[in-house]
Amino acid sequence: MRAQVFHGPGDLRFEDVPWPTPGPGEIVMRIEAALTCGTDVKVLRRGHPVMIPHVPTVFGHEFAGTVTAVGAGVITVREGDRVVAANSAPCGACPPCLAGRANLCEDLLFVNGAYGEAIALPRRLVSRNVVGLPANVPAERAAFAEPLACALLGIERARVESGQTVVVFGHGPLGCLLAMVAVSRKARAIIVGKAGRRFGRVQGLRICECIDAAASADVVAEIKSRTRGRGADVTVDATGIPEVWEQAVAAAGRGGTVVFFGGCAPGTTVRLDTRQVHYEELTLVGAFHHTPDLIRRAVDLLESETLNPDGLVTHRMELTDVGRALELMSRGEALKVLIEP
Ligand SMILES: [Zn+2]
Ligand SMILES: [Zn+2]
472 MRAQVFHGPG DLRFEDVPWP TPGPGEIVMR IEAALTCGTD VKVLRRGHPV
522 MIPHVPTVFG HEFAGTVTAV GAGVITVREG DRVVAANSAP CGACPPCLAG
572 RANLCEDLLF VNGAYGEAIA LPRRLVSRNV VGLPANVPAE RAAFAEPLAC
622 ALLGIERARV ESGQTVVVFG HGPLGCLLAM VAVSRKARAI IVGKAGRRFG
672 RVQGLRICEC IDAAASADVV AEIKSRTRGR GADVTVDATG IPEVWEQAVA
722 AAGRGGTVVF FGGCAPGTTV RLDTRQVHYE ELTLVGAFHH TPDLIRRAVD
772 LLESETLNPD GLVTHRMELT DVGRALELMS RGEALKVLIE P
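Put into structure tokens, the structure is as follows:
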């Protein structure tokens with residue numbers, strides 16, 4: 472089959488690789504839709520010891536399609552089933568897994584291979600993190616299950632409730648999904664972005680209010696003025712920029728919660744106003760990845776159409792064009808590129 476194979480940082484090759492066959496407990500899925508992700512851009516640039524422990528491997532991690540073969544002993548899915556698979560599976564046995572925090576599993580098994588015609592999924596993933604698709608959820612929408620599950624975790628960590636104001640820093644696809652989830656909970660969401668083609672597109676989607684950080688002399692003051700001087704109930708960083716983490720803290724109101732959703736470069740640190748964090752009782756939480764339960768809830772949200780992410784797809788391309796798609800992503804010109812093998 473044809474696939475985009477990652478050989479190491481900066482080295483993505485379009486190659487012919489053997490069509491996968493399922494071992495015991497495994498399944499093979501024909502990929503019908505794959506989505507590009509900001510993480511792909513980062514991983515292609517500098518590699519990723521956890522997500523990609525060995526190379527070469529077929530690249531990409533957001534995908535949906537149809538099961539074409541099942542290995543011995545698989546009873547949860549059948550040939551012909553339309554499914555979406557998460558890009559990881561927790562062990563189910565370590566202390567974080569037993570505590571209900573499978574996203575922090577000490578032995579998270581990552582799977583890559585969205586940018587190929589087919590993928591073999593390992594036993595653990597098949598048993599824990601492959602979800603059947605309702606008829607009304609097309610593959611290209613189902614492929615959002617993974618990033619949407621991440622967004623659900625971020626909003627969940629802040630226990631967002633109806634009527635609260637949630638400020639999301641970052642206008643990438645995850646910033647948008649975080650805002651959409653907040654809106655689906657009847658919160659007032661505000662996206663802070665930076666002027667440009669992609670931000671224009673986000674504003675056009677009318678997800679929620681938007682603030683152009685480039686046009687505002689003081690973003691924190693702008694947020695305060697839009698919240699009657701109080702600051703936001705919840706702020707979420709979805710940029711992974713340390714200075715923006717600091718802004719997210721500064722923009723939170725008394726008793727507010729700050730969610731650090733965007734991962735920053737290794738070794739970076741931030742400064743905290745100790746007075747604010749203590750006397751205003753801020754809750755500062757990290758949010759990483761997703762759990763099998765959240766992947767299912769993401770599929771439910773897509774099925775019920777409580778939330779529709781279709782507008783985040785700015786381009787559709789073929790498997791041969793993944794390199795070009797990731798370039799568009801890195802130049803900030805695309806939100807999500809749909810790859811159809
Ligand atoms: Zn992703
Ligand atoms: Zn575990």
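Residues in the sequence shown are numbered consecutively from 472, following the numbering used here.
Note that beta-carbon positions come from the ideal geometry of N, C-alpha and C, so glycine has one too.
Predicted, not measured: the structure shown is a model, and the values here were computed from it.
Identity of the residue in the options nearest residue i by Cα
i, options, result
"leucine 778", "Ala805, Asp708, Ile678", "Ile678"
"valine 602", "Ile498, Ala666, Cys647", "Ile498"
"glycine 479", "Arg473, Pro527, Met522, Val770", "Pro527"
"glycine 634", "Leu623, Ala653, Ala658", "Ala658"
"alanine 505", "Val555, Lys513, Trp490, Trp716", "Val555"
"leucine 624", "Leu648, Arg612, Asn607, Pro605", "Leu648"
"alanine 573", "Ser559, Leu592, Ala703", "Ser559"
"glutamate 776", "Ser655, Gly481, Phe759, Leu676", "Ser655"
"valine 793", "Pro520, Pro524, Glu588", "Glu588"
"threonine 510", "Cys735, Arg668, Ile590", "Cys735"
"arginine 594", "Ala557, Val514, Thr791, Leu604", "Ala557"
"alanine 613", "Asp708, Thr706, Glu503", "Glu503"
"alanine 796", "Cys508, Phe534, Arg668", "Cys508"
"glycine 444", "Ala629, Gly646, Met651", "This structure cannot settle anything about residue 444, because the visible part of the chain is limited to 472 through 812."
"leucine 743", "Phe759, Val720, His760, Pro763", "Val720"
"histidine 760", "Leu592, Arg668, Leu575", "Leu575"
"glycine 481", "Pro812, Ser801, Val808", "Ser801"
"leucine 483", "Gly733, Ala591, Thr791", "Thr791"
Rounded straight-line distance, which links the Cα of residue j to that of residue i
i, j, result
"histidine 786", "arginine 672", "12 Å"
"glutamate 577", "cysteine 562", "8 Å"
"arginine 875", "alanine 660", "Past the boundaries of the shown model lies residue 875; the chain is included only from 472 to 812, so the question cannot be answered."
"alanine 666", "glycine 803", "11 Å"
"valine 631", "alanine 610", "29 Å"
"alanine 769", "aspartate 552", "18 Å"
"aspartate 683", "proline 566", "43 Å"
"leucine 580", "alanine 686", "43 Å"
"phenylalanine 615", "asparagine 600", "14 Å"
"glycine 738", "glycine 544", "45 Å"
"glutamine 674", "leucine 799", "19 Å"
"valine 476", "glycine 724", "46 Å"
"glycine 757", "glutamine 718", "15 Å"
"glutamate 680", "isoleucine 662", "6 Å"
"glutamine 747", "phenylalanine 530", "43 Å"
"leucine 806", "aspartate 704", "27 Å"
"leucine 676", "glycine 494", "44 Å"
"proline 491", "aspartate 689", "54 Å"
"leucine 773", "histidine 749", "39 Å"
"proline 605", "glutamate 752", "43 Å"
"alanine 722", "valine 512", "29 Å"
"histidine 583", "valine 488", "Correcting the residue type first, residue 583 is asparagine in the shown sequence and not histidine. Whole-angstrom Cα-Cα distance: 14 Å."
"glutamate 789", "leucine 783", "18 Å"
"tryptophan 716", "threonine 754", "14 Å"
"valine 808", "glutamate 533", "11 Å"
"alanine 570", "arginine 767", "19 Å"
"alanine 653", "arginine 516", "31 Å"
"valine 521", "aspartate 764", "22 Å"
Short CB-CB distance (under 7 Å) between residue i and chain B
i, result
"histidine 525", "No chain B is part of this structure, which consists of one protein chain only."
Segment contact flag, the region 682-695 with the region 613-621, C-beta cutoff 8 Å, min 3 pairs = no
query = For the region 728-752, which segments carrying the beta strand (DSSP E) assignment without a break, of at least 3 residues, lie completely within its bounds, in sequence order?
reply = none
inquiry  = Between the region 707-723 and the region 636-650, can you find at least three pairs of beta-carbon atoms closer than 8 Å?
reply    = yes
query = Are three or more beta carbon pairs between the region 537-553 and the region 723-732 nearer than 8 Å?
reply = no
key: Closer than 5 Å: residues whose CB approaches a heavy atom of ligand 2   = Pro561, Cys562, Cys565, Cys568, Cys576
inquiry  = Considering only heavy atoms of ligand 1 and the C-beta of each residue, which residues fall inside 6 Å, strictly closer?
reply    = Residues flagged by the Cβ proximity filter: Cys508, Thr510, His532, Glu533, Glu617, Pro618.
request  = Answer yes if the region 490-507 comes into contact with the region 542-559, meaning at least three C-beta pairs across the two stretches below 8 Å, and no otherwise.
outcome  = Verdict: yes, contact present.
task = Kindly provide the ranges of any alpha helix (DSSP H) runs that are 4 or more residues long and lie completely inside the region 661-728, ordered along the chain.
result = 668-676, 690-697, 713-721
message = Going residue by residue through the region 520-564, where are the continuous beta strand (DSSP E) segments of at least 3 residues, counting only ones entirely within it?
response = 534-541, 553-556
Sequence ranges, alpha helix (DSSP H) only - wholly within the region 565-649, length at least 4 = Those alpha helix (DSSP H) runs which fall completely within the region 565-649 and span 4+ residues are 566-569, 594-599, 610-613, 616-628.
query = Taking only runs of the alpha helix (DSSP H) that begin and end inside the region 742-801, which ones reach a length of at least 4 residues, in chain order?
reply = With a minimum length of 4 residues, the continuous alpha helix (DSSP H) runs that stay inside the region 742-801 are 745-750, 763-775, 793-801.
request  = Report the residue ranges of all beta strand (DSSP E) runs contained in full by the region 485-511; include only those spanning at least 3 residues, in chain order.
outcome  = 498-506
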